[in-house]
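A.B. asks:
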Amino acid sequence: MPPAGPEDHRRGEGPLLIVYADLGCPHCASAWAEISAREATIVFRHFPVASKHPRSPALHAAAEAAGQQGRFFDLVDSLYADRGHVDDPHLWQRAEDLDLDLDRFETDRRSGTVAARVRRDFESGIRAGVTGTPAIFSSASDVDPT
Amino acid sequence: MIAAGEPAPDFTLRNQDGEKVSLSDFRGEKVLLVFYPLDFSPVCSDQLSLYQEVKPEIEAKGVRMIGISVDSGFAHKAFQEKLGIDTLLLADFEPKGEVARAYGAYIDRVGHANRSLVLVDEQGTIEWVHESPTPLEIPGANLIFDALSA
Numbered sequence: 001m002p003p004a005g006p007e008d009h010r011r012g013e014g015p016l017l018i019v020y021a022d023l024g025c026p027h028c029a030s031a032w033a034e035i036s037a038r039e040a041t042i043v044f045r046h047f048p049v050a051s052k053h054p055r056s057p058a059l060h061a062a063a064e065a066a067g068q069q070g071r072f073f074d075l076v077d078s079l080y081a082d083r084g085h086v087d088d089p090h091l092w093q094r095a096e097d098l099d100l101d102l103d104r105f106e107t108d109r110r111s112g113t114v115a116a117r118v119r120r121d122f123e124s125g126i127r128a129g130v131t132g133t134p135a136i137f138s139s140a141s142d143v144d145p146t
Numbered sequence: 147m148i149a150a151g152e153p154a155p156d157f158t159l160r161n162q163d164g165e166k167v168s169l170s171d172f173r174g175e176k177v178l179l180v181f182y183p184l185d186f187s188p189v190c191s192d193q194l195s196l197y198q199e200v201k202p203e204i205e206a207k208g209v210r211m212i213g214i215s216v217d218s219g220f221a222h223k224a225f226q227e228k229l230g231i232d233t234l235l236l237a238d239f240e241p242k243g244e245v246a247r248a249y250g251a252y253i254d255r256v257g258h259a260n261r262s263l264v265l266v267d268e269q270g271t272i273e274w275v276h277e278s279p280t281p282l283e284i285p286g287a288n289l290i291f292d293a294l295s296a
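Those protein sequences? They're chains H and B, same order as listed.
The working numbering applies: residue 1 is where the first sequence begins, and numbers increase by one.
The working numbering applies: residue 147 is where the second sequence begins, and numbers increase by one.
#1: Considering only their Cβ atoms, is the gap separating P285 of chain B from L263 of chain B smaller than 8 Å?
#2: Taking 8 Å as the threshold (beta carbon to beta carbon), is P57 of chain H in contact with chain B?
#3: Let's see if you can read the secondary structure: which residues bound the alpha helix (DSSP H) around A61 of chain H?
#4: With DSSP as the reference, please indicate the residues paired to A237 of chain B in a beta bridge.
#5: Let me know the secondary structure DSSP gives I284 of chain B once reduced to three states.
#6: For R255 of chain B, count the other beta carbons within 10 Å of its own beta carbon; 16 or more makes it buried, fewer makes it exposed. Which is it?
#7: Count Cβ pairs between the segment 265 to 279 of chain B and the segment 163 to 178 of chain B that sit closer than 8 Å; are there 3 or more?
#8: In the DSSP output, which residue or residues are listed as bridge partners for Y20 of chain H?
#9: With 8 Å as the threshold, decide whether the Cβ of E244 of chain B is near any Cβ in chain H.
#10: When burial is assigned at 16 or more other CB atoms within 10 Å of the CB, is K52 of chain H buried or exposed?
#11: Could you tell me which residues DSSP pairs with T271 of chain B in its beta bridges?
#12: At a CB-CB cut-off below 7 Å, which residues of chain B make contact with V49 of chain H?
#13: Buried or exposed: where does K201 of chain B fall if 16 or more other Cβ atoms within 10 Å of its Cβ makes it buried?
#14: Run through DSSP, which three-state label would A251 of chain B get?
#15: So A131 of chain B contacts chain H; which residues on that side make the cut at Cβ distance below 7 Å?
#16: Between the Cα of I290 of chain B and the Cα atoms of B:K166, B:L184 and B:E205, which residue gives the shortest distance?
#17: If you measure beta-carbon to beta-carbon, which residues of the segment 225 to 243 of chain B are closer than 7 Å to chain H?
#18: Counting only C-beta atoms, is D185 of chain B closer than 8 Å to chain H at any point?
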């Protein structure tokens with residue numbers, strides 16, 4: 001698994017937790033509040049499994065596009081807090097609520113660059129042996145999110 | 147469990163569309179046999195969904211991935227549709243588990259296969275096997291890529 005680097009999405013201070021998560025995954029959503037509350041540096045890596053959660057690729061692309069305007073974790077928090085509204089109009093509303101530039105958001109979330117960025121995280125998770133989400137790694141070992 | 151270096155037992159089973167498929171049909175290609183317990187079970191759903199995500203990369207390495215369980219072809223078809231996957235699924239249905247038994251992947255006390263991966267080379271020889279410690283444990287796709295790059 002690649003170590004955390006400057007290209008990763010990270011927030012918080014403290015021991016490092018690398019989290020592979022699927023934005024369409026209910027288990028991730030229920031774990032996210034607890035994970036976020038930890039005194040830790042949280043690194044979020046994309047792990048969308050489309051055949052389980054068909055909207056996941058779109059949600060991860062949206063989060064990545066929000067990240068290009070500095071609001072990655074805000075959109076992640078928003079998506080996990082309300083899993084019932086994940087169609088495109090809901091994404092536009094969420095982007096508006098975060099004061100994102102909507103035109104740029106729309107362009108970015110459909111771009112090859114964003115898709116490649118999401119896929120890079122996914123492949124790093126595959127190489128790390130991730131088989132389900134959320135998968136959480138500390139610097140030394142797996143950490144049970146519960 | 148069958149071991150690397152042994153000849154892969156040939157078989158003919160029906161797929162999710164009721165068509166007969168034999169292992170020997172793929173002679174000249176590498177084949178990854180994915181023995182799994184049961185269609186629609188939570189862990190099998192997770193496993194096949196995950197493998198679907200990396201299927202293009204597996205195929206790009208010249209490997210055909212085939213799922214095998216004791217379910218019928220009709221169940222396989224519905225399972226494919228539910229997950230939205232296009233992995234070829236074969237029905238080891240009657241005699242129940244005969245192919246899984248031939249590969250040493252069958253668990254008699256539960257009546258289905260263990261979660262096992264078998265890589266067959268272009269000549270029909272077992273190249274690599276992986277047997278999960280329990281049917282509850284999904285073999286990571288990293289194991290497949292490690293085997294393919296060994």
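Note that beta-carbon positions come from the ideal geometry of N, C-alpha and C, so glycine has one too.
Quantities reported herein were computed from a predicted structural model and do not represent experimental measurements.
C.D. replies: According to the structure data:
#1: With respect to P285 of chain B, L263 of chain B sits close: the two C-beta atoms are nearer than 8 Å.
#2: It does not: the Cβ of P57 of chain H has no partner Cβ on chain B nearer than 8 Å.
#3: Counting along the chain, the alpha helix (DSSP H) containing A61 of chain H begins and ends at S56 to G67.
#4: Answer by DSSP bridge pairing, in chain order: B:R160 and B:S215.
#5: It is coil, neither helix nor strand.
#6: So R255 of chain B counts as exposed.
#7: With the cut-off at 8 Å, the segment 265 to 279 of chain B and the segment 163 to 178 of chain B touch.
#8: When DSSP reads this structure, Y20 of chain H sits in a beta bridge with H:R45 and H:A135.
#9: Chain H contact via Cβ: absent.
#10: Answer is buried; the Cβ neighbour count reaches 16.
#11: DSSP output for T271 of chain B lists B:P153 as bridge partner(s).
#12: Simply S195, L196 and E199.
#13: Per the 10 Å Cβ criterion, buried.
#14: A251 of chain B: coil per DSSP, three-state reduction.
#15: In the structure displayed, chain B extends from 147 to 296; residue 131 of chain B sits before or after that span and is not available.
#16: For the residues B:K166, B:L184 and B:E205, the minimum Cα distance to I290 of chain B belongs to B:E205.
#17: Residues passing the 7 Å Cβ filter: L229, G230 and I231.
#18: Not an interface residue.
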